[in-house]
Amino acid sequence: MKIQTCLFPLLLGLAIASGARAQNENVMIDVNATALGFLDGAVVSSLANSGAAGDFTTLIGQVEVASHPANDNAGALVQGLAFNGDKMTSANPLSSTDLTGNQPYTAMAWVYNPDFGNEEAIVSWGHRGGPNGSNSGMHQGTHPTFGAVGHWGGGAIGDPNQPDVGWGPSGAATDINATIGQWAHLSYVWDGTEERVFIDGELSNSEVHIPLNPHLSFQDGSSTPFALGSESDAANVNSTPIAFSGTIAKVLVENIARSAEEIRTAFNAERSLFFDGVLDVSDLDGDGIFDSIEDLYDCLDKNVADADADPDGDSLSNSAELGFGTDPCNPDSDGDGLSDGEELNRLVDGQSAPTDPLNEDTDGDGLLDSVETGTGVVVNGMTDAGTDPLVADTDGDSLGDLEELQAGTDPFNADTDGDGSTDGEEVRLQTNPLDANSKPEFPSNQIVKVDMTGLDLVDGTVVDSVVNRGQAGPFTTLIGQVEVASHPANDNPDVQVQGLAFNGDKMTAAVDAPTLGLVGNQTYTVRAWVFNPAFGNEEAVVSWGHRGGPLGSNAGMHQGTHPTFGAIGHWGGGPVDNPNEPDVGWGPNGDGSDILATQGRWAQLSWVYDGLEDRVFIDGEFNNSEEHPNLLNVHASYNDGNPTLVCLGSESDAGSVNNTPIPFSGTIARVEIYDSVWTDEEIQEAFEQERPLFFDGIFTSPVDQYQFTVSSPDGGGTIDFEWNSSASEVYTVVASDDPAGNPDPASWAPVAGLESLSGTPPLNTHSIARPAGDLRLFKLIAGPAPALFSDDFESGAGEWTTVVNDQAGNTQWELGSPSGTSGPLAGADESGNAWSTNLGDYGQDSDISLFSPPIDFGGLQGAELTFDAYRDADGFGDSAMVVFRRVGDDVRLGMEVAIDMSLFDTAYESLSIAVPEAVIGETARVEFNFVSDGTADAFSGLTIDNVVIEASSP
């Protein structure tokens, strides 16, 4: 029997649809997004509404299906529509309904919001902009005056002429905080005189206020509609003020003022879906588990009170497992080698420290929870790493635990070789973290050089540390959460340029400012590329020293509009022309308005201090300057005695570094600080070098990623070549004695002995005798390395072998065109051959293996196995895995890797597996093993095609 648990929310939705409320004349809106039957992420452009407002369609943004767990049953998902700056509007305008003027009404909604601000509109009509009482919006928000309902009237609480309402208690609005991160039933009732708001069926607050008269048209003359996901500004409907940032499942708006009892009844009628994940709440055996839930599991019986039983023997009762969302019939729900009870009952020093029983890798570092034993001792990297299963980077060196084991570094020591540079920094800068003599080296005057444009991460990814190619060492997050963000190139909106988004967040450098010489009256040059949609008086991009005085004791580069300190903050905000007040604004001097041209685009800001004068630049052009002789004496320590730090994203108050005054509210892509004074020409030249990326979207780098160098240790007799390399590439050095006449290196002649060289990461180093001739230019050409092994099976079985490990012999690996009852009818890409667990349907009680030819993994640092798979088994009792076995004795090398057979493919899927570290250096065969249970099933099982093994970097 196939059990597709992923369809559970869909089945709930279908059941809800059958009980939809019948249309009646009192209903304006009755929408239900729990019954759409789409997978999460599906874009929904229209939503049926049985009320008088008509169907809703998306006007702004993109509304998608999203699921969240029922409040008291984590294993059941309830669907809705996710809004985040999006807006849906009704087909019929407000004026066509009975909800005009001071008509009484009731609004109810089921919503899920992980977090919310002062006011976020779920449903609205009319529009903002006044006068009081001319707008109507139901909110989920924390503001004590208008966090619950907005009518445009945000004055004193209790003033009947100010009709907005907050959640209770009155004047505090803290009741609503209990709804964060869970499904909540929110209601508000207007009876023509008094407004009452309810949370989960219970009265939260009320206010008596003036009559309502919501706008029937916008200022452009168009009619106002009903809206989901935001309110509307006065001009027209094309706006999303106070937008909702969560999921809306159901909305009901009626032109009737419901009683408190009716609100409670409405909540209780739908509570079972949003709290328990079911509609049928019958419980024949009275054990507290609904029959509809017990019917989903073979080990539960709705006729027997078995809530306290533990049929899978994992030390968790059935009721506990359902509450946690684990499978009461499977002792190890996530298949990580630890039972559900072991994960949830895990203790560290007597304190609860559970891992996630629904996630085989709780901390996401690539190691199974069972491998991360938390002992602090590496026994065997891939079976007992000793690392913390709750921390992806146990030693905090910005190199994940799995990455450490692959690199051979110590996951409990941030600096394995003790050379003063962390393992993560060395790996990213391509020095050897196992060799104290190999460490990052930078020019002595290069203090900070961070570049976030090449992170190659998905927007929204949290970044805890940034590599710095400067003396200050890496930057790590001290306050908040810094995320990857992209913005279009200024003159090419089709290309996005990445950086790190700051908004009250702060990163600090590893090496303190006094050690770097950033104290006293030190000279320096500072450069930064930033994108800020809007900024205030002063927002700090980078800083050191601290605030609080005396004059000249702080150093911070700003993007801000203040004419006195919008560009530079030294703590001295007096008159612009007073040299004893050392702050600096952007030009024109005393105005500061030039910086406004940088709003909403990438801008290059620079600042040079020569010991006497501060000069500031925008996009390479000189903008303003001020002299303050002998005035700067930047702090070397905070009031708590700790040395000052170089900071990204804010300045620092006097007490300590743990604060974020004048925080930056945009994206920082690059920051550089040099212990040298640049000329205006050097500032302009540096801008022009980087302009193509930020203005045109052309990704050029002034630094060769391979850092290809040619040198001679003996005055010219021998030529040495060195470059950064990767195991996944091959290299050829080419040369020309006439590069001007033949500028295309692809047509140059290869250098003898330097053709098709394999990568030896992190560096390739080669030497040759000097070629004839006086002038020769060398170039490095890199390309992808050929596959170590590949087979599409179109030439037959070759050296592949099959083994039947069971006694029944009902199934064997067969090569040809599959023809099962379900599943594929050809190989991948409609080819003629693939290996299948029987070319027809597989049999029961089977254990079969398919072995590749011997493959030599010698001379590699890493490798990756890729193959096309079509999974069509029972989704429950059948399993498959990939095993690497040493040729000669068939000993397993590394851990077996499971193929997820709970999935049902509708086409071939490409799967990739990192070859275990234990395989590298050996000659091994790849084993594809398939095991079926005792159930007779009419499915094709597992089919594989296009097996490829390629070298990769560790």
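Read in order, the letters of the sequence shown correspond to residues 18 to 971 in the numbering used here. Beta carbons are placed, not taken as given, at the ideal position from N, Cα and C, and that holds for glycine.
What would DSSP say about residue i, mapped onto helix, strand or coil?
{"i": "ASP885", "result": "strand"}
{"i": "ARG708", "result": "helix"}
{"i": "THR123", "result": "strand"}
{"i": "ILE736", "result": "strand"}
{"i": "VAL932", "result": "coil"}
{"i": "ILE259", "result": "coil"}
{"i": "VAL388", "result": "coil"}
{"i": "ASP864", "result": "strand"}
{"i": "ALA953", "result": "coil"}
{"i": "GLU668", "result": "coil"}
{"i": "THR162", "result": "coil"}
{"i": "ILE916", "result": "strand"}
{"i": "ILE961", "result": "strand"}
{"i": "GLY562", "result": "strand"}
{"i": "GLN513", "result": "strand"}
{"i": "GLU421", "result": "helix"}
{"i": "SER141", "result": "strand"}
{"i": "PRO762", "result": "helix"}
{"i": "ASN285", "result": "helix"}
{"i": "ASN222", "result": "strand"}
For residue i versus residue j, is the C-beta distance shorter than 7 Å?
{"i": "THR404", "j": "HIS563", "result": "no"}
{"i": "ASP418", "j": "LEU384", "result": "yes"}
{"i": "PHE874", "j": "ILE916", "result": "no"}
{"i": "GLN463", "j": "VAL479", "result": "no"}
{"i": "ASP176", "j": "HIS168", "result": "no"}
{"i": "ASN650", "j": "GLY569", "result": "yes"}
{"i": "ASN135", "j": "GLY158", "result": "yes"}
{"i": "VAL751", "j": "SER773", "result": "no"}
{"i": "ASN149", "j": "GLY143", "result": "no"}
{"i": "VAL688", "j": "VAL536", "result": "no"}
{"i": "SER112", "j": "LEU296", "result": "no"}
{"i": "ASN272", "j": "TYR129", "result": "no"}
{"i": "ASP412", "j": "ALA431", "result": "yes"}
{"i": "PRO778", "j": "SER743", "result": "yes"}
{"i": "ASP976", "j": "SER334", "result": "The chain is shown only over 18 to 971; residue 976 falls outside these bounds and no answer can be derived."}
Compute the Euclidean distance between the alpha carbons of residue i and residue j, then round it to the nearest angstrom.
{"i": "ILE77", "j": "VAL214", "result": "28 Å"}
{"i": "PRO788", "j": "GLY398", "result": "47 Å"}
{"i": "ASP755", "j": "ASP761", "result": "11 Å"}
{"i": "PRO801", "j": "VAL768", "result": "19 Å"}
{"i": "ASP1051", "j": "ASP889", "result": "Nothing in the structure corresponds to residue 1051, since the chain is present only between 18 and 971."}
{"i": "ALA506", "j": "TRP619", "result": "7 Å"}
{"i": "ASP318", "j": "ALA59", "result": "36 Å"}
{"i": "MET524", "j": "PRO678", "result": "13 Å"}
{"i": "TRP200", "j": "ALA50", "result": "14 Å"}
{"i": "SER350", "j": "ASP373", "result": "10 Å"}
{"i": "ILE306", "j": "ALA322", "result": "9 Å"}
{"i": "LEU613", "j": "ALA526", "result": "30 Å"}
{"i": "ALA453", "j": "GLN878", "result": "21 Å"}
{"i": "LEU882", "j": "GLY425", "result": "21 Å"}
Tell me the DSSP bridge mates of residue i?
{"i": "GLY800", "result": "VAL747"}
{"i": "TYR691", "result": "GLN463, THR542"}
{"i": "TYR626", "result": "TYR541, ASP631"}
{"i": "ARG902", "result": "ARG909, ARG942"}
{"i": "GLY590", "result": "Looking at the DSSP assignment, GLY590 forms no beta bridge with any residue, so it has no partner."}
Buried or exposed for residue i, please, with buried defined as at least 16 other CB atoms from any protein chain shown within 10 angstroms of its CB.
{"i": "GLN179", "result": "buried"}
{"i": "GLU644", "result": "exposed"}
{"i": "THR818", "result": "exposed"}
{"i": "GLY487", "result": "buried"}
{"i": "ASN659", "result": "exposed"}
{"i": "LEU301", "result": "exposed"}
{"i": "THR735", "result": "exposed"}
{"i": "ASP115", "result": "exposed"}
{"i": "GLN40", "result": "Unreliable positioning characterises GLN40 in this predicted model, as indicated by a pLDDT of 46, which lies under 50. The coordinate reading is nonetheless provided below. Exposed, by the Cβ-count rule."}
{"i": "ALA52", "result": "buried"}
{"i": "ALA173", "result": "exposed"}
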